[in-house]
Every structure is written in structure tokens, then in C-alpha cells.
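The sequence shown begins at 343 in the working numbering and counts up by one.
Where a beta carbon is used, it is the ideal one built from N, C-alpha and C, also for glycine.
Fair warning: this is a prediction, and the values are worked out from it, not measured in the lab.
Read the structure below first, then the notes.
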Amino acid sequence: MTEGPTDLDSLLGLRSVKRSFFDQYRAAESRLRRSMHALDRVSGALVRTAEGPEELMLSVLRVAYDQLDAQWALVALRDGQLPSVEPRHVLVDPEGRFVAFEGRDLAPVPDGLPKGVVNVLLAVLRGGRSAEVAEAGGPDAVTVPLILHGGVIGGLASWRHPGRPADDIDTVVLRILAAQAAVALHNSVLFRDKETLLARAEEAYEEARGHVVELSRRNSELEIAHRELDAAHRQRILDVERSRMARELHDSVSQLVLGAGMHLQLGLDAVGRAEQQRPLLEKAVHLTDQAVEQLRSVIYALRTIDDGDGSLSRLIEDLCRLHVPSSMSTEVRVLGSEFPTTHEIEHELLRIAGEALANAARHSRGDGVVVTLDFSDEAVGLTVEDDGEGRPEDLRYLLEAARTGSPDERHGLVNMRERAELVGGVMSIAESELGGVAITVVAPRVDGADRRPVR
Numbered sequence: 343m344t345e346g347p348t349d350l351d352s353l354l355g356l357r358s359v360k361r362s363f364f365d366q367y368r369a370a371e372s373r374l375r376r377s378m379h380a381l382d383r384v385s386g387a388l389v390r391t392a393e394g395p396e397e398l399m400l401s402v403l404r405v406a407y408d409q410l411d412a413q414w415a416l417v418a419l420r421d422g423q424l425p426s427v428e429p430r431h432v433l434v435d436p437e438g439r440f441v442a443f444e445g446r447d448l449a450p451v452p453d454g455l456p457k458g459v460v461n462v463l464l465a466v467l468r469g470g471r472s473a474e475v476a477e478a479g480g481p482d483a484v485t486v487p488l489i490l491h492g493g494v495i496g497g498l499a500s501w502r503h504p505g506r507p508a509d510d511i512d513t514v515v516l517r518i519l520a521a522q523a524a525v526a527l528h529n530s531v532l533f534r535d536k537e538t539l540l541a542r543a544e545e546a547y548e549e550a551r552g553h554v555v556e557l558s559r560r561n562s563e564l565e566i567a568h569r570e571l572d573a574a575h576r577q578r579i580l581d582v583e584r585s586r587m588a589r590e591l592h593d594s595v596s597q598l599v600l601g602a603g604m605h606l607q608l609g610l611d612a613v614g615r616a617e618q619q620r621p622l623l624e625k626a627v628h629l630t631d632q633a634v635e636q637l638r639s640v641i642y643a644l645r646t647i648d649d650g651d652g653s654l655s656r657l658i659e660d661l662c663r664l665h666v667p668s669s670m671s672t673e674v675r676v677l678g679s680e681f682p683t684t685h686e687i688e689h690e691l692l693r694i695a696g697e698a699l700a701n702a703a704r705h706s707r708g709d710g711v712v713v714t715l716d717f718s719d720e721a722v723g724l725t726v727e728d729d730g731e732g733r734p735e736d737l738r739y740l741l742e743a744a745r746t747g748s749p750d751e752r753h754g755l756v757n758m759r760e761r762a763e764l765v766g767g768v769m770s771i772a773e774s775e776l777g778g779v780a781i782t783v784v785a786p787r788v789d790g791a792d793r794r795p796v797r
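So, in C-alpha cells, the structure goes:
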């Protein structure tokens with residue numbers, strides 16, 4: 343009769359009740375429990391990655407010390423590996439204290455280190471091979487390398503009490519601990535560096551935001567100052583132009599009116615003497631006409647300053663209707679593509695055109711006037727020509743006489759020349775293709791500072 347399985351067989355899976363098998367089971371169970379406990383402690387040590395590399399090294403070293411019930415234990419990094427980690431090595435002495443040669447507060451300088459511990463520490467620091475490190479520790483040492491990305495970055499070592507050799511479980515646990523510790527140290531360094539960079543980035547962001555606020559404030563102040571300067575500049579232009587108008591009214595219109603009044607007074611004194619009275623009254627009428635023309639010119643100039651609307655050619659056409667009598671024909675020609683000029687250049691060209699048109703109407707004795715605007719890439723030209731009886735050499739003589747201080751009442755030519763020079767332009771006087779006089783001014787597209795002679 344065959345016997346059935348015993349209770350022991352069912353519980354343990356053993357096919358024998360021999361005492362040796364039960365002892366093996368108990369030993370395996372003990373080793374398994376010790377291994378699970380060791381791995382649990384390894385896991386507990388490695389979760390301290392976020393606390394920094396130093397705390398992680400102390401935690402790993404404590405596990406190695408307790409796992410082997412060791413007298414001494416150490417963890418060290420090779421020179422040049424993970425250079426931001428400090429201290430570079432830490433040891434645990436027989437009393438369970440952390441010590442190190444680097445003088446950190448958490449690890450005071452050790453006293454009375456065994457020769458084997460010193461040799462292993464030096465071998466790891468200088469980058470010795472694994473065999474050299476193991477040999478330096480002696481027979482009681484268990485040494486394993488710290489490996490990261492296939493390279494050795496340091497070592498972990500533990501020394502059992504004499505007569506208590508380490509078993510294979512201890513060696514396996516230390517190898518697992520060393521392998522995971524190397525990765526955890528690297529991650530801890532990266533985490534700390536990222537935290538440092540994040541803190542710096544936040545600080546830089548706050549600083550940049552402060553700069554933005556400051557720049558915004560200064561930009562607002564600059565805009566206000568710019569508007570104030572622009573308003574002051576416009577006011578200055580108006581003040582200068584008004585002063586010029588007042589000077590012209592005083593120097594031209596007032597003198598003409600005074601002259602007309604004087605001749606009218608003389609005409610009154612000559613009442614009853616027709617042969618003397620008529621020339622005086624005719625002179626008074628002539629002076630009055632000149633005063634009216636000057637007033638029209640000034641009023642038109644003021645109007646163009648105030649509104650500033652319209653193209654230059656359109657404004658020239660208005661000038662022709664203002665200064666030239668209906669008995670004379672007028673024509674405005676435009677060469678090239680008309681472009682807007684600066685206010686100063688436009689104003690001076692209009693004043694020059696008005697003066698030239700008035701002169702042609704009063705003095706040329708011609709039948710027509712042609713005004714030509716020539717627009718090029720760098721300059722704008724203005725030509726006023728008539729078909730009258732004037733001679734260019736006579737006008738050039740008058741200009742030269744005015745330059746040398748010779749008295750003459752023809753100040754219009756001098757004013758035109760000065761206005762052209764104000765914007766860096768050139769005025770010339772030549773014979774017109776129509777048969778009379780042609781007055782030409784060439785000015786740059788923008789204000790010029792040079793003063794060129796009249797040809």
C-alpha cells in the first residue's frame with residue numbers, strides 16, 4: 343500500500359521528512375527575509391534624491407554599514423567625477439559616526455583609521471581599477487564600484503568584524519546599492535542644478551520685469567518730453583516766421599506806405615499846379631500798389647504756414663492767380679514725379695516763387711510767365727521765366743551791387759537768394775527760352791547746411 347503525501351509535504355513542497363531539508367528551508371527563508379529587508383532599506387535610501395547629493399551619500403553609506411554589520415564603511419567619488427558633489431568621501435567608524443578628511447560639519451576628521459580603509463579610500467579617489475581597490479581593502483572588505491553610463495565614478499566598501507565573513511547576499515545587495523546610488527547621485531546633482539537654474543531664472547525674470555517697468559516709465563517720460571520738444575520746436579518755427587514777417591512788413595510795406603503818404607502830402611501841397619501834382623500822385627499810386635502786393639505775399643505765406651495743405655505745384659498755381667494780373671498768361675509745369683518736401687523747403691520755395699512772379703508782373707512788360715518744378719532723386723528745382731524785356735546781366739549786376747553794399751531799391755532778388763541759401767539751395771539768373779529772364783532755384787530734398795554761391 344502506497345503512503346499518501348504528508349502534511350509537511352503539502353506545506354513545504356518537500357518530498358522528504360529528513361531533517362536536513364527542513365534546515366535548508368529555514369536557511370533559505372532567513373536569507374530571503376534578510377534580502378528583502380536589505381532591498382527595502384536600499385529603496386528607502388535612494389528616495390532621498392531630492393534632498394541633495396550629500397544626504398544621499400550619507401543614506402547609502404548607512405545602508406552599507408548596517409547590511410554587513412560592519413566595523414567600517416566608506417563611499418567615495420573619483421577625482422573629476424560629479425565635481426559639484428561635496429564631500430567627495432564619507433566614512434562610518436565602529437561607533438557609527440560619519441567622518442571625512444574634508445572637514446565638513448556633518449563629518450569631522452577621523453582618528454585612527456585602519457590601513458585597509460585608508461588604502462581603499464586612496465585607491466578609489468585616484469581612480470584605481472576594481473581589482474586594485476578590492477586588494478587594497480584586505481580579506482575582510484567587500485568593495486563594489488559606483489558605475490554610471492558604463493564608467494566607474496567611485497566606490498563603496500564595507501568591512502565586517504573579524505571572523506564574520508560576508509556572504510553572497512551581502513555582496514549582491516552592495517552591488518545593487520552601488521549601481522542605484524550612482525544613478526541617484528547623478529539625478530540628485532541634475533535636480534539640484536535645475537533648482538539652482540530655476541531660482542536664477544526666476545530672479546532674472548523678476549529683475550527683467552523690473553527693468554521693463556522702469557523702461558516703460560522712462561519711455562513714457564521720453565514720449566512726454568518728445569511731445570514737449572516737438573511743441574516747442576513748432577512754436578519756435580512759428581515765432582521765427584512771425585518775426586521774419588514782422589521784419590518784412592516793417593522793411594518793405596511800411597516803407598512803401600510811408601513813401602506813398604509822403605507823395606500824397608506833396609500832391610496836396612501842389613494842388614492847383616497840375617503839372618507838378620500828377621507825377622506825385624502817380625508815384626503815390628505806384629507805391630500803394632507795391633505795398634498791396636507785399637501784403638498779399640505775406641498774407642499768403644502766413645496762410646500756407648497755418649494750413650499746410652496741397653501739393654507744391656497746386657500752391658504755385660494759387661500764387662500765379664494771386665501775383666500775376668489777368669492780362670498775362672501763366673503756366674505751371676511739373677517734370678518728374680512730384681514728392682513732398684520738408685515744410686521749410688516748401689515755404690522758402692513758395693516765397694521765392696511769389697517774389698519772382700510779382701517781379702515779372704511789375705517789371706518784365708511781358709505777356710506770359712511759365713513756372714517749372716523739376717523733381718529728381720536728390721533735389722527739387724524751381725524756375726520762373728517770362729517773355730518780357732528784362733536782361734539777366736542787369737539783374738546779376740543788381741545782386742552783386744547789393745552784396746557789396748551799393749544802395750538800390752531792388753531788394754526782392756536779395757531776399758530770394760537768401761531764402762534759397764537758408765535751405766542749402768542755389769539761385770541762378772539766366773536768359774529765358776521765352777525771351778526774357780529765367781530765375782532758377784535748386785534745393786535738396788531735405789534741408790542742407792551748405793551755402794553755395796549764386797551763379
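(request) Please report how far the alpha carbon of residue 785 lies from the alpha carbon of residue 608, in whole angstroms. (result) One-based indexing of the sequence shown puts residue 785 at position 443. One-based indexing of the sequence shown puts residue 608 at position 266. Residue 785 and residue 608: Cα-Cα distance of roughly 46 Å.
(message) DSSP has residue 716 in a bridge; who is on the other side?
(response) Residue 716 sits at position 374 when you count from the first residue of the sequence shown. DSSP, once it has assigned bridges, lists 677, 723 as partnering residue 716.
(message) Using a Cβ distance threshold of 8 Å, determine whether the stretch 452-463 contacts the stretch 486-494, with at least three qualifying pairs required.
(response) no
(request) Assign residue 751 to buried or exposed, taking buried as 16 or more other Cβ atoms, counted over all protein chains shown, within 10 Å of its Cβ. (result) Translated into the one-based positions of the sequence shown, residue 751 becomes position 409. Annotation note: pLDDT 46 at residue 751 (below 50); position unreliable, coordinate value reported separately. Exposed.
(message) As a quick exercise: from 438, 396, 412, pick the residue whose alpha carbon is nearest that of residue 419.
(response) As a working note, residue 419 is residue 77 in the sequence shown. Of the listed residues, the one whose Cα sits closest to residue 419 is 396.
(request) Indicate the three-state DSSP secondary structure (helix, strand or coil) for residue 779 in the structure shown. (result) Here the question's residue 779 lines up with position 437 in the sequence shown. In the structure shown, residue 779 sits in a strand (DSSP, three-state: E or B).
(message) Taking 8 Å as the threshold (C-beta atoms), are residue 478 and residue 465 in contact?
(response) The residue you call residue 465 lines up with position 123 of the sequence shown. The residue you call residue 478 lines up with position 136 of the sequence shown. For residue 465 and residue 478, yes; Cβs fall inside 8 Å.
(request) Within 10 angstroms of the Cβ of residue 567, are there 16 or more other Cβ atoms? Answer buried if so, exposed if not. (result) Sequence index remark: in the sequence shown, residue 567 carries index 225 (1-based). Result: exposed.
(message) Just checking residue 719 against the ligand NAP - is the residue's beta carbon closer than 7 Å to any of the ligand's heavy atoms?
(response) Among the ligands in the structure shown, none appear at all, so the ligand NAP cannot be discussed.
(request) Within 10 angstroms of the Cβ of residue 701, are there 16 or more other Cβ atoms? Answer buried if so, exposed if not. (result) The residue given as residue 701 occupies position 359 in the sequence shown. So residue 701 counts as buried.
(request) Have a look at the DSSP bridge pairing and note the partners of residue 768. (result) Position 426 of the sequence shown holds residue 768. According to DSSP, which records beta bridges pairwise, residue 768 is partnered with 784.
(message) Among 526, 664, 683, 417, whose alpha-carbon lies nearest the alpha-carbon of residue 765?
(response) For the purposes of this step, residue 765 is identified with residue 423 of the sequence shown, where counting begins at 1. Selected option, being the one with the closest Cα: 683.
(request) Go ahead and label residue 502 buried or exposed: buried means 16 or more other beta carbons lie within 10 angstroms of its beta carbon, across all protein chains shown. (result) One-based indexing of the sequence shown puts residue 502 at position 160. Residue 502 should be labelled buried.
(message) Can you tell me where the beta strand (DSSP E) holding residue 433 begins and where it ends?
(response) Along the sequence shown, one-based indexing puts residue 433 at 91. Its beta strand (DSSP E) spans residues 431-434.
(request) Taking 8 Å as the threshold, find out whether the stretch 770-777 comes into contact with the stretch 680-699 through three or more Cβ pairs. (result) no
(message) Tell me the DSSP secondary structure of residue 492 in three-state form.
(response) Numbered from its first residue, the sequence shown carries residue 492 at position 150. Three-state DSSP puts residue 492 in coil, outside helix and strand.
(request) Output the residue ranges of the beta strand (DSSP E) runs that lie fully inside the stretch 388-429 and measure 3 residues or longer, sorted by chain position. (result) 412-419
(request) Please check the pair residue 633 and residue 599, which I expect to be a contact at CB under 8 Å, by giving their CB distance rounded to whole angstroms. (result) As a first step, residue 633 is located in the sequence shown; it is residue number 291 there, counting from the start. As a first step, residue 599 is located in the sequence shown; it is residue number 257 there, counting from the start. About 5 Å separates the two Cβ atoms, so the contact holds.
(request) Round the Cβ separation of residue 403 and residue 392 to the nearest angstrom and send it over; I've been treating them as touching at under 8 Å. (result) Residue 403 sits at position 61 when you count from the first residue of the sequence shown. Residue 392 sits at position 50 when you count from the first residue of the sequence shown. With a Cβ gap of about 18 Å, residue 403 and residue 392 do not count as contacting.
(request) Provide the residue(s) that pair with residue 487 in DSSP beta bridges, ordered along the chain. (result) Here residue 487 is taken as the residue at index 145 of the sequence shown, counted from 1. 497.
(message) Please classify residue 788 as buried or exposed, where buried requires at least 16 neighbouring CB atoms within 10 angstroms.
(response) Your numbering for residue 788 matches position 446 in the sequence shown. That one is exposed.
(request) Would you give the residue range spanned by the alpha helix (DSSP H) that residue 437 belongs to? (result) Position 95 of the sequence shown, counting from 1, holds the residue named residue 437. Element bounds for residue 437: n/a, residue is neither H nor E.
(message) Looking only at its chain, what residues have a beta carbon closer than 7 Å to the beta carbon of residue 435, apart from the 5 residues adjacent to it on each side?
(response) For the purposes of this step, residue 435 is identified with residue 93 of the sequence shown, where counting begins at 1. Cβ neighbours of residue 435 beyond the five flanking positions: 414, 441, 452.
(message) Measuring alpha carbon to alpha carbon, tell me which residue in 429, 431, 671, 528 is nearest residue 730.
(response) Mapped onto the sequence shown, residue 730 falls at position 388. It is 671.
(request) Following the continuous alpha helix (DSSP H) through residue 693, name the residue where it begins and the one where it ends. (result) Position 351 of the sequence shown, counting from 1, holds the residue named residue 693. It spans 685-705 - the alpha helix (DSSP H) in which residue 693 sits, taken as one unbroken run.
(request) Please name the residue, chosen from 509, 775, 537, 444, that lies closest to residue 798 on a Cα-to-Cα basis. (result) Since the first residue shown for the chain is 343 and the last is 797, residue 798 is missing from the structure and cannot be characterised.
(request) Pull up the distance between the alpha-carbon of residue 649 and that of residue 718, whole angstroms please. (result) For the purposes of this step, residue 649 is identified with residue 307 of the sequence shown, where counting begins at 1. For the purposes of this step, residue 718 is identified with residue 376 of the sequence shown, where counting begins at 1. Reliability fails at residue 649, whose pLDDT of 49 lies under 50, so the model's placement of it is uncertain and the value that follows must be treated cautiously. Taking the straight line from one Cα to the other gives about 26 Å.
(request) Less than 8 Å between the CB atoms is what I'm expecting for residue 716 and residue 677, so what's the real figure, rounded? (result) On the sequence shown, position 374 is the one that residue 716 refers to. On the sequence shown, position 335 is the one that residue 677 refers to. Going by Cβ atoms, the distance from residue 716 to residue 677 rounds to 4 Å, so yes, they are a contact pair.
(message) Using CA atoms only, rank isn't needed, just tell me which of 703, 475, 662 is closest to residue 714.
(response) As a first step, residue 714 is located in the sequence shown; it is residue number 372 there, counting from the start. Comparing Cα-Cα distances from residue 714 to each of 703, 475, 662, the minimum goes to 662.
(request) Take the Cβ of residue 542 as the centre, count every other Cβ of all protein chains shown within 10 Å, and call the residue buried at 16 or more, exposed below. (result) Residue 542 sits at position 200 when you count from the first residue of the sequence shown. Burial call: exposed.
(request) Could you name the residues of the same chain whose beta carbon sits closer than 6 Å to that of residue 781, not counting the 5 residues immediately before and after it, in chain order? (result) Start at 1 with the first residue of the sequence shown, and residue 781 comes out as number 439. Result list for residue 781: 698, 726, 771, in chain order.
(request) For residue 728, name the three-state secondary structure that DSSP assigns. (result) Walking along the sequence shown from the start, residue 728 turns up at place 386. Note: residue 728 maps to strand in three-state DSSP.
(message) Going by beta-carbon coordinates alone, are residue 514 and residue 497 separated by less than 8 Å?
(response) In the sequence shown, the residue the question calls residue 514 occupies position 172. In the sequence shown, the residue the question calls residue 497 occupies position 155. No. Outside cutoff.
(request) Specify the secondary structure class of residue 537 as computed by DSSP and reduced to three states. (result) Taking the first residue of the sequence shown as 1, we reach residue 537 at position 195. Three-state DSSP puts residue 537 in a helix.
(request) Report the rounded CA-to-CA distance for residue 585 versus residue 732, giving the unit in angstroms. (result) Along the sequence shown, one-based indexing puts residue 585 at 243. Along the sequence shown, one-based indexing puts residue 732 at 390. Rounded to the nearest angstrom, the two C-alpha atoms are 33 Å apart.
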